[in-house]
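One structure is given here, and the rest of the page talks about it.
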Amino acid sequence: MVLLVAGVCIRAYRDLSQPDAWHYWKDQYVAPSLTSEVIDTLYLDGSSKGRRALFVSGTIGPAAASWFRSRLDQANLATGDIVLLASPGGDLNQAMIMGEIIRSRSLATAVGSADASGRIKPGYCASACVLTYAGGKPRFGVLGSALGVHRFVTTRPVNDPVAEAQRISGAVLGYMTKMGVSSSIVEAMSETRDIRWLSPRQALTMNLVTAPIEKP
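Using the working numbering, the first residue of the sequence shown is number 292, and each one after it goes up by one.
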């Protein structure tokens, strides 16, 4: 028994000794950076017809995709149900994986939150969150909600920052193109390191929003 416990502890130490392993482990098991809530009936446009939704809010951490997949499984959403997002962004790669998961399950996305009656309230989705939002089909545009983009940069040391920036830009472009978003969104991202809030018209022109909601 002592040898068994020792072996487990040694393996755990080796896992956690890897770069960024502790941050991943913490985000996955100890203190997830995202929170979620199942909304039995979300009313998008003030009509009597609603949809089941999973409200996801917070920062997209290093283990967000695994956490998100688990929450979707528990929520038991069906095709056409909604992932409702409210996030300042976070990990670029995790955000894209989350978007891929949304697309693979044929779920819609929207930005905002909901009150106790299931009526949608405006919110914001910025930076990496926009990549997750892009996974939806359709992507609802909620009146008053905001989508913010900016240039993505790496936070880890690299030998060639220019090459790394080009790699990131290429990855984002490939992902957005796959999701049916215009390449012009990458141009908008590259213009500033600060958040640029897209107008409703810009989001529509870029095909980021595909189903605008007239009524809040």
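Cβ coordinates follow ideal geometry from the N, Cα and C atoms, glycine included. Keep in mind that this is a model prediction, so the values were computed, not measured.
Look at R484 here: in three-state DSSP terms it is coil, with no helix or strand label. Taking C-beta atoms as the reference points, A377 and S397 fail to come closer than 8 Å. For the options Q457, F346, M467 and I388, the alpha carbon positioned closest to that of K412 is the one of F346. The shortest CA-to-CA distance from A366 to any of V402, E328, T350 and S348 is the one to E328. Assignment of K428 by DSSP, reduced to helix, strand and coil, places it in the coil class. Cβ-Cβ distances below 6 Å link S473 to M497 and N498 in the same chain, with the five nearest sequence neighbours on each side left out; the list follows chain order. A straight-line Cα-Cα distance of about 14 Å links T423 and T468. As the crow flies, the alpha-carbon of F443 is around 33 Å from that of R410. For Q385, same chain residues with a beta-carbon under 6 Å away, outside a window of 5 residues either side, are I351, A355 and A356 in chain order.
Just so you know, the alpha carbons of G439 and L383 end up roughly 14 Å apart. Distance from the CA of R360 to the CA of I392, rounded to the nearest whole angstrom, comes to 7 Å. Of the residues A456, V374 and R362, the one whose Cα lies closest to the Cα of L333 is V374.
Nearest in C-alpha terms to S460, of all of R492, M387 and G371, is M387. By the neighbour-count criterion, in which a residue is buried when 16 or more other Cβ atoms sit within 10 angstroms of its Cβ, S490 is exposed.
In the DSSP assignment, E328 is bridged to F346. A distance below 8 Å between beta-carbons, with the five flanking residues on each side excluded, links D485 to the following residues of its chain, in chain order: H441. The C-beta separation of D372 from R343 comes to about 5 Å, placing the pair in contact by the 8 Å criterion. Excluding sequence positions up to five before and after L464, its CB lies within less than 8 Å of the CB of S474 and V477, all in the same chain and listed in chain order. When rounded, the separation of the alpha-carbon atoms in P323 and G349 is 9 Å. For the stretch 357–414, the continuous beta strand (DSSP E) assignments of 3+ residues that do not extend past its boundaries occur at 373–377 and 399–402, in sequence order.
In this structure, M389 sits away from G427, with a CB-CB distance that is not shorter than 8 Å. In the same chain as P429, and ignoring 5 residues on each side of it, the C-beta atoms closer than 7 Å to its own belong to A399, T501 and A502, in chain order.
Pairing A437 with Y415 gives a Cβ-Cβ distance under 8 Å.
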